[in-house]
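Notes for the one structure printed next.
In the numbering used here, the protein residues as written are -10 to 906.
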């Protein structure tokens, strides 16, 4: 029976109109206060007052201070309406003093650079005099004449002596040339050329530093000419003439450098030029500093009696000039900022509350007693507190609204949803592929319909039914079907709904859930993913008593606390029965465990038929082929495959889902979407085709192998190609011969690459990994080895150990481990040899299949069998693909016929014919 639904009571909420009224009132008060207040000056800190007083920008009579405590004051004042002459003189003095500091610092920096440059000029000049052989006059060789000397600094550069180091000079080479020309031999000419080349390199050196571009070009030309002569096969006369040309070039450059211009010699050297530029800057800075000193002396006399407030100190004008230039520069920058802001502040009032006391406030501002301001107290003290309380109220109310229906008062209530016949219509007809599970649950349905039939014989219906199975096998669906068949209320809740941030909520919701169930008995309570609250107690890291354990304890109590005659049956679903607490699984709580395993081929066919009711399928679609091609798929996977096939057919413009669409959807769901955008060159595709052909040929040649369903080189997921094998029947166990053949199939791809490509790629990584895992299982788990015998050597952790996840312990010695590795390697080598033998014997088949894969990219079961038995016809394959592509293609409607106006009028006069008539 169904309980009448109670009308939902409206919840009381905070009146929104009152909040809007409060906010509007606050806005009006702030607006009126802003409009009524006089525009204020931009003074916010006490250190600004120093500059306002120093520059005489405010009225002293209107300056007031109100003591807030021993350290803080609130000061007010008023700016003058215009600048006074005294204010202008003060600012001009400060501006000149700051400029004086800047010029003095700049002059000292330039003087330091001049000292460095003087040394470079002296070094370059000495090198030039040595290389050119120019003698030093009696009074010294003047590079920069004493014309540039000042009273403060000696700027001239005069060379009086040279270093004792002896080098080849231009004068020496001119004498050597005369000797060689008189007694010419090839050796003397060669030596003379080397000396000329060495002197040219010295003239090009950075130490000398010739900066004139024309001289540098002449030096490069002379250097190139002499170098070519040294490496050539010219006669002695020709070589000497070319060397003489280089010597003449050096002589011309020397004479050009010795020209005197603007009281300087060697003006073509880079060091001399740099020195003259800096010397000019020094002279200009010195001249500007002299002019500044004159102006500063005049301005100083006008402010001689002014008392300045400098960084909270009261000092005189003379003391102000002795302050640190860096400190004065920062202080003047703030003064200039206040001076520039006077244009916007003139004639305005200013107020700065709660500022620290300083010297200028104590000396120039008059003290005033504070007056009470109740309105400010209300707005500055009470109003912020009120706003904070309102914000907290709304935030808390919103959070409580999301914590279950009913807000904070119903936070401990169960959020379970009650479904009845009017809200869901799932029955056993909608569930397929789990025949045994439906038979067991029929008893639950019969009990809910007629409990007296069981109680009259003394039978006791199971208190709880635990549905166990992998994800997607229909655990939740079959629970809904039980409620639908029995036509009884169905309470559905997730295990995670019992775990909240507050302590005790989970246990409270458990009590409320079973209380509601008793009121609506007979009914079904379904807890999905019960492992969220039903895990082993104390098995977590650190153990302990947590909220989840409280919830589990309350669940155990409730399951024992009601009798079967109350008509409440608890059903739960999980895919991790190994983690559930033992007390939860004992008889009397969960009496019956219903296993919903992955469906076999018959079950998959039944499931496909159920989901195909709403899909428009082509009559040629064989669902058995789809069931056969999807081993290991769950009901959810099969539903997804049919849905994907319908979407694929719609994208291709078909009027019905074809057989090819279903098979392509199978590949997409199982292996991923085709990566057509992946660019592969022909060599890469050919290598992949050889790899997959090797798998297929070996799979078709072994005795115990599964049939080949498809071979493709279209990239899907993380693979560049695939060979699909589909078993002919359900397999519950594997035989050794089957596994040996499977190892050979796995090694077939790698062997094919070695035989036909001549190299091995990384594409066989997954094949080798699977083969190694299979061989190790054959030896360690299934005892398929004569050397080690029927002994289990697998590594598994204890079921209820407290080890970290992923830990395991070996239960055999290191010697046994080495034997296991040796036997695994032996199995893989035998499989590799077997695959090599098969592919060597059937090279023609591999080559043909590779060529067809390069053309068609995908070969189905009929194609590979035709290649193996020699009946392959490529033209038939092309016709087959065209027919599949054109199948159920929607034909566009014909264009409207052109009618005469009379015919159109006649046609419009009659009733419209129904569409499709």
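Yeah, the Cβ is synthetic: ideal placement off N, Cα and C, and Gly gets one too.
Note that the coordinates shown come from a computational prediction; the quantities given were computed from them, not determined experimentally.
beta-carbon residue i near the ligand COA non-hydrogen atom, thresh 8 Å
i	result
residue 306	This structure lacks the ligand COA; in fact it carries no ligand of any kind.
Residue i and residue j closer than 9 Å at C-beta
i	j	result
residue 767	residue 816	yes
residue 69	residue 62	no
residue 120	residue 192	yes
residue 698	residue 684	no
residue 34	residue 357	no
residue 558	residue 514	yes
residue 488	residue 537	yes
residue 277	residue 238	no
residue 611	residue 462	no
residue 118	residue 83	no
residue 458	residue 464	yes
residue 517	residue 475	no
residue 246	residue 199	yes
residue 682	residue 838	yes
residue 592	residue 452	no
residue 637	residue 597	no
Residue i classed as buried or exposed, judged by whether at least 16 other C-beta atoms fall within 10 angstroms
i	result
residue 37	buried
residue 722	exposed
residue 635	buried
residue 320	buried
residue 796	Residue placement at residue 796 is flagged as unreliable, the pLDDT there being 48, under the threshold of 50; the coordinate-derived value follows with that caveat. Exposed, because fewer than 16 other Cβ atoms sit within 10 Å of the Cβ of residue 796.
residue 446	exposed
residue 381	exposed
residue 504	exposed
residue 80	buried
residue 328	buried
residue 841	buried
residue 794	Confidence is the limiting factor: at residue 794 the pLDDT is only 45, short of 50, which leaves the residue's position unreliable, though a coordinate-based value still follows. That one is exposed.
residue 687	buried
residue 181	buried
residue 802	exposed
residue 707	exposed
When the options are compared against residue i, the one with the closest alpha-carbon
i	options	result
residue 543	378, 567, 502	502
residue 743	812, 829, 760	829
residue 600	44, 71, 414, 418	418
residue 347	302, 372, 323	302
residue 975	716, 64, 620, 822	Nothing about residue 975 can be reported from this structure: the residues present for the chain run from -10 to 906 only.
residue 283	441, 89, 164	89
residue 163	184, 654, 147	184
residue 126	106, 147, 139, 110	147
residue 45	288, 567, 60, 76	76
residue 758	484, 732, 607	732
residue 349	32, 39, 717, 72	39
residue 450	469, 456, 429, 693	429
Start-to-end residues for the alpha helix (DSSP H) that takes in residue i
i	result
residue 687	671 to 690
residue 861	Note, residue 861: premise wrong, no alpha helix (DSSP H); not H, not E.
residue 441	441 to 444
residue 829	803 to 830
Residues that residue i bridges to, as DSSP identifies them
i	result
residue 775	DSSP, once it has assigned bridges, lists no residue as partnering residue 775.
residue 515	481, 560
residue 524	569
residue 724	Answer is none; residue 724 lacks a bridge partner.
residue 283	None; residue 283 has no bridge partner.
residue 581	454
residue 355	53
Residue interval of the beta strand (DSSP E) (run including residue i)
i	result
residue 344	338 to 345
residue 188	Per DSSP, residue 188 belongs to no beta strand (DSSP E); it is in the alpha helix (DSSP H), 175 to 193.
residue 64	61 to 67
residue 328	Element bounds for residue 328: not the beta strand (DSSP E) but the alpha helix (DSSP H), 314 to 329.
residue 77	Premise fails: residue 77 lies in the alpha helix (DSSP H), 74 to 121, not in any beta strand (DSSP E).
residue 53	53 to 56
residue 131	130 to 133
residue 849	847 to 849
residue 711	711 to 714
residue 235	Counting along the chain, residue 235 falls outside any beta strand (DSSP E), though it belongs to the alpha helix (DSSP H) covering 225 to 246.
Proximity test, Cβ basis, 9 Å: residue i and chain C
i	result
residue 326	Given the protein chain composition of this structure (a single chain), no chain C is represented.
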